[in-house]
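Working notes, beginning with the structure itself.
In the working numbering, the protein residues as written are 87 to 572.
Structural data, given as structure tokens:
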């Protein structure tokens, strides 16, 4: 019975595993099956999303959500993150064919790798044991390294994949060393056992283990000072892959970090809170200052993602149910903003059909492609957190949670630092609307691009505030599920 209940709890992961293996066979035996496999992969992700939804809607939590003797939790918190991951992956699959068509690079391996990466992320967010955590993390990472270097004929893509692999291996080593220290000083790899062992005084070995684990996870969420890989990888990787990196893995890594901090290390909140506060403020400032001098839109958005991670970590630093809920709300809004921004970049093509990504190339875009310029402007203003756009709401709930947790100074510094970030977002809008037209962007865009850009633009407009109650309720249930044991 216990095995049956465990298998029922991991039904979404089983669907993705079987779909990935089946599509791998199709890819191996059929030529030019790229589009078919892409469609089937999106269907598999959609099916997994349907299987995950009931746990979120019912606010599932407690012992009934644990599988395989407490190594895996299919609770509402994991379900919230999984839905964001699967939806992001589907969107990235939708925009990929048009991009790769021009170079004839739409091979069936691409959606299969996306599927296995999504499977790894699903395991990550449900992990309640350090071994499960590491298996999910590596499954996602190995697929991501290949995706970054997917364009074999492009030197930038190969360079991005190599840099990501080398630095990712270093981060995995740091994380694994931290896990070994935690295991050595607590005698267990389960989050529950580590939590119980850390309920008393924190030994020096445990403290070092905690620091190394958080350092390894900081690399995965691209938080300062472990952010150095992000601009190069985002710029060099194919743009659909960059879109994927900026959304789904970010959700998985943030959710995993929150579970580790509040579950495994929940009894030593004072020990890790100062680390999270430093990473949050450093990410906000470095991300904002780094983006100011960028002339490539993908590098600019890479620094923007570092900046946004800082705001997300403010919610985690609060360490309360309200803080976790605010973090999840911000994460959902951030995913929509990132999808819209990168899809808009994907739509920037010249007369030869080649993608352009330079800031100078979009000069006067409002004259040549007014609707595209408007959508991109909405994304930029929303990322800057300017009301009445929905991006403002994400920053508001995070800062409010920090104030409620008596972290007033953190909230005040975060608000002040967010002004720096507004400069480079408004700079993009200024170039599109007030500079002389460069006449570079002329190509047409695919229906899938317009669909995703239209939906995300509508969500980030003031219409998005209609979602605040639903989104807030779902985030509250997810936060309650995470803190049920915490």
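From the three backbone atoms N, C-alpha and C, an ideal C-beta is built for every residue, glycine too.
On a predicted model such as this, the values are computed, not experimentally measured, just so you know.
Item to check | Residues that residue 152 bridges to, as DSSP identifies them | outcome: Locating residue 152 in the chain shown gives position 66, counting from the first residue. Residue 152 is bridged to 159.
Next on the checklist: Just to confirm my understanding: we take residue 112, look at its own chain, exclude 5 residues before and 5 after, and list those with CB closer than 8 Å. What are they?
Outcome noted: By 1-based counting over the chain shown, the position of residue 112 is 26. Correct list, in chain order: 119, 122, 123, 126 and 194.
Checklist entry - alpha helix (DSSP H) containing residue 448: first to last residue? => result Locating residue 448 in the chain shown gives position 362, where the first residue counts as 1. That residue, residue 448, is in no alpha helix (DSSP H); it is neither H nor E in DSSP.
Next on the checklist: Within a Cβ cutoff of 7 Å, which residues of the same chain sit near residue 167, ignoring the five residues on either side of it in sequence?
Outcome noted: Translated into the one-based positions of the chain shown, residue 167 becomes position 81. Excluding residues within five positions, the ones whose Cβ falls inside 7 Å are 211, 337, 338 and 341.
Checklist entry - If you draw a straight line from the C-alpha of residue 185 to the C-alpha of residue 169, how long is it? => result As a first step, residue 185 must be located in the chain shown, where it is residue number 99. As a first step, residue 169 must be located in the chain shown, where it is residue number 83. Straight-line Cα distance between these residues: approximately 25 Å.
Next on the checklist: Just list the residues that DSSP pairs residue 502 with in beta bridges.
Outcome noted: In the chain shown, the residue the question calls residue 502 occupies position 416. Its beta-bridge partners do not exist; DSSP assigns none.
Next on the checklist: By the DSSP assignment, the alpha helix (DSSP H) with residue 218 in it spans what residues?
Outcome noted: Translated into positions along the chain shown, residue 218 becomes position 132. It spans 216-234 - the alpha helix (DSSP H) in which residue 218 sits, taken as one unbroken run.
Next on the checklist: So, at 8 Å on beta carbons, what are the nonlocal neighbours of residue 114 in its own chain, with the 5 sequence-adjacent residues on each side left out?
Outcome noted: On the chain shown, residue 114 is found 28 positions in, with the first residue counted as 1. Excluding positions up to five away in sequence, the list is empty.
Item to check | Limits of the alpha helix (DSSP H) - the one that residue 112 falls within | outcome: For the purposes of this step, residue 112 is taken as residue 26 along the chain shown, with counting starting at 1. Residue 112 -> alpha helix (DSSP H) spans 97-115.
Checklist entry - In this structure, does DSSP put residue 281 in helix, strand or coil? => result In the chain shown, counting from the first residue as 1, residue 281 sits at position 195. Correct three-state label for residue 281: helix.
Checklist entry - Could you give the distance in angstroms between the alpha-carbon of residue 247 and the alpha-carbon of residue 550? => result Residue numbering aside, residue 247 sits at position 161 when the chain shown is read from its first letter. Residue numbering aside, residue 550 sits at position 464 when the chain shown is read from its first letter. Roughly 36 Å separates the two Cα atoms.
Item to check | Reduced DSSP category for residue 393 - H, G, I as helix; E, B as strand; rest coil | outcome: Within the chain shown, the letter at position 307 stands for residue 393. Helix, per DSSP.
Item to check | Close-in-space but distant-in-sequence residues of the same chain around residue 315 (CB under 7 Å, 5 per side omitted) | outcome: Here residue 315 is taken as the residue at index 229 of the chain shown, counted from 1. Once the five neighbours on either side are set aside, the close Cβ partners of residue 315 are 249, 250 and 253.
Item to check | When 370, 277 and 504 are compared against residue 350, the one with the closest alpha-carbon | outcome: The residue you call residue 350 lines up with position 264 of the chain shown. Comparing Cα positions, the closest option is 277.
Next on the checklist: Please identify the residue among 403, 378, 99 and 454 whose C-alpha is closest to the C-alpha of residue 209.
Outcome noted: Against the chain shown, residue 209 aligns to sequence position 123. If we check each option's Cα against that of residue 209, 99 comes out closest.
Item to check | Whole-angstrom distance between residue 547 and residue 572, CA atom to CA atom | outcome: Translated into positions along the chain shown, residue 572 becomes position 486. Translated into positions along the chain shown, residue 547 becomes position 461. Low confidence applies to residue 572: its pLDDT is 44, below 50, so where it sits in the model is not reliable enough to give any reading.
Item to check | Inter-residue spacing [alpha-carbon to alpha-carbon] between residue 449 and residue 466 | outcome: By 1-based counting over the chain shown, the position of residue 449 is 363. By 1-based counting over the chain shown, the position of residue 466 is 380. One C-alpha to the other measures close to 15 Å.
Next on the checklist: As a quick exercise: from 347, 471, 424 and 514, pick the residue whose alpha carbon is nearest that of residue 363.
Outcome noted: Counting from one through the chain shown, the residue named residue 363 turns up at place 277. Comparing Cα positions, the closest option is 347.
Next on the checklist: Using 8 Å for Cβ pairs, my map puts residue 384 next to residue 325. What's the rounded Cβ distance?
Outcome noted: Residue 384 sits at position 298 when you count from the first residue of the chain shown. Residue 325 sits at position 239 when you count from the first residue of the chain shown. With a Cβ gap of about 7 Å, residue 384 and residue 325 count as contacting.
Checklist entry - Near residue 173, what residues of its chain come up, given a Cβ to Cβ distance below 7 Å and the 5 sequence neighbours on each side ignored? => result Counted from its first residue, the chain shown places residue 173 at position 87. Here the set comprises 135.
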